[in-house]
Structures are given as C-alpha cells and as structure tokens.
Amino acid sequence: MLLCLAIFLVLPALAWAAYVALRVAAVGERDDTRPADAVVVLGTQEYSGWPSQPFSARLDHALCLYEEGLAPLVIVAGGDPDGNSFTEAAAGVRYLKYQGLPSDTVLTVGGNNTYENLRDVKALAKQEGFESVLVVSERFHMLRSLVIANDLEIQAYVSPTSTSPRDHNPALRFYYTLREAAAYTAYVLGFRRDTPI
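The sequence shown begins at 2 in my numbering and counts up one residue at a time.
Have a look at this one:
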C-alpha cells in the first residue's frame with residue numbers, strides 16, 4: 002500500500018520535472034532577436050563590483066545587440082542579494098562602460114530575483130515610454146524570464162548568450178537546468194521572492 006502511494010506521488014512529480022526541464026532546454030535554444038526599444042540584461046553574481054564570468058557573457062551579448070543597432074538602450078538589472086554593498090546592476094554598468102558603451106545609453110533597475118528585476122523593468126518602461134525589450138540571460142534562464150515578462154505584460158523577446166561557461170560545461174548545464182525547473186515550479190506555485198536570480 003505504501004509503495005503504491007509512493008509511486009502515485011512520485012511519478013507525477015518526476016513527469017512534471019522532466020516536462021519543465023525539456024521546456025527549459027527548448028526555450029533556451031530559441032533566439033527571437035529583433036529590433037526593440039531596449040535590451041534588458043538580467044543580473045547574476047558579481048564580485049567586489051565586477052561581474053562574474055556568466056554575467057560578463059550576458060553583458061557581452063547585450064553589447065553586441067546594441068552595437069548591431071537592435072536597440073538604443075541597455076538596461077542592466079540586479080540588486081544586492083548577497084548584501085555585500087555592490088549591486089549587480091552597478092557592476093554591469095561599470096563593465097559596459099569599460100567596454101565602451103556610452104553612459105547615456107545605459108540604465109539600471111534593481112531587484113534581487115528575476116521577478117523583481119522584470120517588475121522594475123516594467124515600471125521603468127512605463128516611465129520612459131518604451132514598449133518592447135530583448136531579454137538577455139543564459140539559455141537555462143530564458144523560459145522563466147519569458148513567462149514572468151508575459152505575466153507582467155511586458156512585450157519581451159528572448160536573446161540568450163551562447164558564451165557563458167555554464168552553457169559549455171555539461172555538468173553545469175544539467176545542474177542549472179534542474180535548478181531552473183525547480184525555480185519555474187516555485188514561480189508557478191506563486192512564490193515570487195524566493196526563486197533564484
């Protein structure tokens with residue numbers, strides 16, 4: 002009886018996890034790059050005010066989109082989730098300026114997770130009067146980012162970076178796909194603040 006109950010409970014959970022992981026992978030392979038009003042870079046780890054390698058990969062991709070003329074603005078998102086006095090957004094802006102992005106073409110928003118980032122992007126969009134955005138992150142992050150943007154009624158298109166070290170390491174890619182499946186499930190269940198960046 003207990004075995005039947007365990008199977009009854011575990012099998013649907015495994016099926017759901019597999020379904021979400023496949024969706025994470027499938028959406029991560031999409032690239033909807035097109036002209037937009039702004040490029041939004043979703044933040045991730047920074048170290049003492051300088052972006053980590055995965056964050057730099059996101060920023061480099063956003064810079065390429067800007068240089069290709071696909072958007073006149075770059076918005077860097079990210080607060081200070083670790084409480085170390087440096088925001089992800091500030092680290093991203095420092096990096097982009099170092100790479101030659103003009104100061105008047107970059108804006109920032111806060112937020113300590115993806116939902117808060119995109120909520121702040123929506124507020125900024127209303128304030129600045131722009132409508133469409135290209136969302137830049139890593140492949141595993143695209144599904145949840147797109148779903149959240151749609152839920153917030155942001156006209157968003159995904160443009161994942163292909164140069165993140167997490168994308169080219171099979172073990173890391175598998176880990177982050179599973180992690181993202183859990184984060185997506187938490188979001189679907191109504192958790193807005195506790196899902197990872």
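Virtual Cβ for every residue (Gly too), placed ideally from N, Cα, C.
Beta-carbon gap between residue i and residue j smaller than 8 angstroms
i, j, result
"GLY93", "GLY44", "yes"
"TYR116", "ILE149", "yes"
"ALA18", "GLY50", "no"
"LEU144", "ARG35", "no"
"LEU135", "LEU71", "yes"
"ALA1", "ALA78", "Given that the chain is displayed from residue 2 to residue 198, the structure contains no residue 1 and the question cannot be resolved."
"TYR99", "SER57", "no"
"HIS62", "THR162", "yes"
"VAL122", "VAL107", "no"
Terminal residues of the alpha helix (DSSP H) in which residue i lies
i, result
"GLN128", "115-129"
"LEU63", "Per the sequence shown, residue 63 should be read as Ala rather than Leu. Where ALA63 is concerned, the enclosing alpha helix (DSSP H) stretches over 54-68."
"ALA39", "Careful: ALA39 lies outside any alpha helix (DSSP H), inside the beta strand (DSSP E) at 39-42."
"PHE175", "171-189"
"GLY101", "GLY101 -> no alpha helix (DSSP H), and no H or E assigned at all."
"SER146", "143-152"
Terminal residues of the beta strand (DSSP E) in which residue i lies
i, result
"ILE76", "75-78"
"LEU135", "133-137"
"LEU108", "107-110"
"ALA157", "156-159"
Integer Cβ distance of residue i from residue j, believed to fall under 8 angstroms
i, j, result
"GLU33", "TYR158", "Reading off the sequence, residue 33 comes out as Asp, not Glu. The pair is a contact, with the Cβ atoms about 4 angstroms apart (cut-off 8 angstroms)."
For residue j and residue i, the rounded distance between their alpha carbons
i, j, result
"TYR67", "SER160", "12 angstroms"
"GLU154", "ALA124", "11 angstroms"
"ARG31", "ASP168", "14 angstroms"
"GLY112", "ASN85", "15 angstroms"
"LEU128", "ARG140", "For the record, residue 128 in the displayed sequence is Gln; it is not Leu. About 29 angstroms."
"LEU12", "PRO103", "53 angstroms"
"SER53", "TYR188", "25 angstroms"
Spatial neighbours of residue i in its chain, beta-carbon cut-off 8 angstroms, leaving aside the 5 residues before and after
i, result
"GLU132", "ASP38, ALA126, GLN156"
"SER146", "LEU43, THR115, LEU119, VAL136, SER138, ALA157, VAL159"
Contact set for residue i: own chain, Cβ-Cβ below 6 angstroms, skip 5 residues either direction
i, result
"ASP105", "none"
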